[in-house]
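To keep things clear, I will list the structure first and then write my remarks on it.
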Amino acid sequence: MKQMILITVLLIGYVRPEFIPGCSFYNGQCSYTVQLGHQGQCNLPTTAQNPSDFPTTVQPPTTCCTNLQTDIADLRSLVAGLTNDLKLLKDNYNVLENETNELNTTTSNKDDLLQLLQTKEAEFNKTHDQIAAVLQQASAEIHRLRDELVATTRQLNNCRGTLGLQSGTATVAPVLDASINMTFCDFQTSSESCGFNTNRKTGYSWKSHSGSINSLTGPIEDHTYGSQKGVYMYMDTDNSPYGDHVIRTYRMESNLISPAAAVCVRFWYNMNGKDIRTLNIYAKIGNGDGYPVWTQSGNQGQRWSLGEVSLDSEYTASHFKIVVEGTTDSYHTSYNHYNEHGDIAFDDFYIYNTSCNSE
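Take the sequence shown: its letters are residues -17 to -1, 1 to 342, numbered as in mature numbering (1 follows the signal peptide of the UniProt record, and there is no 0).
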């Protein structure tokens, strides 16, 4: 009976505690939804309803909103990065589009250029054929003129024989006027037989030659016949000393020429080559050369040119000689030949006992 009374008293004495709304978010038994950006919904130990509920051994949730804000900041940074990448992608797309347009334009221009090139090539081929035809015609004409020149030269030699002036001799014969005499030499035999003597004091002599000497210097044929079999005189710069870079002279002298009121000297010369120096003509009286009465210097091209000089009584009142002088600075070393393209040549030498104007 006493037990029943005790239980009844206990039941009557139990009073349900008053419900106090709120949540400490500590034990996870609260059903609250935390909204991003609402910092006030995160309790701190000082704002919790029962601060003593936070055990001292457990780190309180002081970083709740801080972590959310960090995530939001990271998300915003990611969005900004993606936005920037998207902008760069658009820019690259625009650049690629522009380059594609330029490439299309270049391709179009290339096609136009190729078409123009093909047109010009067709025109060139047509012109080439026309030039070939002209050259063939010109070659035939040159051969015809050369044959005529050879025939004319033969007739001239016959005339010389009739007049008593043989080619390759120093025989003096009247020409047209009995008072005019001419000495002629075409060097087809030898210079000595023409009355020219090589001056060997300098150690360098003019030489006779036929045909081409070198593709870069000297003539390709003589002047008399216009043939590679014809003979002319030239100075051989290939026969130069070693290690002696000085000006050297090649000299040739005529026999004594008789006094006259005036004398005309005519000859043909070839000065072809980048290293050509000087060709001089002297009227030598006694032992002195004096000053040149005719001179030419430098590269004159691949052709025979006419040289002419009239001598008055200053030179012709007494016996004198005609001197042909060529200069060069060609030289050799152990490994190289320098200034070697300077071969000077001359041919068909005429000496009249009258002035060139009255001849």
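Ideal Cβ placement from N, Cα and C applies to all residues, glycine included.
This structure is a prediction, so every number in the text was calculated from the model and none was measured.
- Taking a cut-off of 8 Å for Cβ pairs, the segment 296 to 306 and the segment 228 to 245 touch, as three or more such pairs fall below it.
- Relative to the Cα of D205, the nearest Cα in the group L99, N253, R260 belongs to N253.
- A300 carries a coil assignment under DSSP once its states are collapsed to helix, strand and coil.
- Pairing K190 with Y208 gives a Cβ-Cβ distance that is not under 9 Å.
- The residue among N255, D221, G178 with its C-alpha nearest the C-alpha of Y333 is G178.
- Boundaries of the beta strand (DSSP E) harbouring D331: 327 to 335, taken from the DSSP string.
- Here T278 has T261, L262, N263, I264 as same chain residues with Cβ atoms under 8 Å from its own Cβ, once five neighbours each way along the sequence are excluded.
- Annotation for A266: the continuous beta strand (DSSP E) segment containing it runs 261 to 267.
- Taking C-beta separations shorter than 6 Å and ignoring five residues to either side along the sequence, the partners of S280 in its chain run T261, following chain order.
- N108 and E124 have their C-alpha atoms roughly 24 Å apart.
- W287: not part of any beta strand (DSSP E); DSSP gives it neither H nor E.
- Within the segment 186 to 214, the complete beta strand (DSSP E) segments of 3 residues or longer fall at 189 to 193, listed in chain order.
- Residue state for E106 is assigned as helix, using DSSP reduced to three classes.
- In the DSSP secondary-structure assignment, I240 is bridged to F303.
- Look at Q120 here: in three-state DSSP terms it is helix.
- Rounded to the nearest angstrom, the Cβ distance from N180 to D326 is 21 Å, too far for a contact under 8 Å.
- Contact between D312 and V248 does not hold, since the beta-carbon distance rounds to 27 Å and is not under 8 Å.
- In terms of CA proximity to S173, Y215 leads the group Y215, M165, S195, E106.
- A distance below 9 Å separates the beta carbons of A243 and T337.
- Taken atom to atom, the span from the alpha-carbon of T135 to that of V117 is near 26 Å.
- Beyond the five residues adjoining it in sequence on each side, G284 comes within less than 7 Å, by CB distance, of N255 in the same chain, given in chain order.
- Contact check for Y233 against Y298 fails: the beta carbons are separated by 9 Å or more.
- In the displayed model, C168 falls within a strand according to three-state DSSP.
- For S280, the enclosing beta strand (DSSP E) has its first and last residue at 277 to 280.
- In the three-state reduction of the DSSP assignment, E308 falls in the strand class, which pools E and B.
- N50 and L58 have their C-alpha atoms roughly 12 Å apart.
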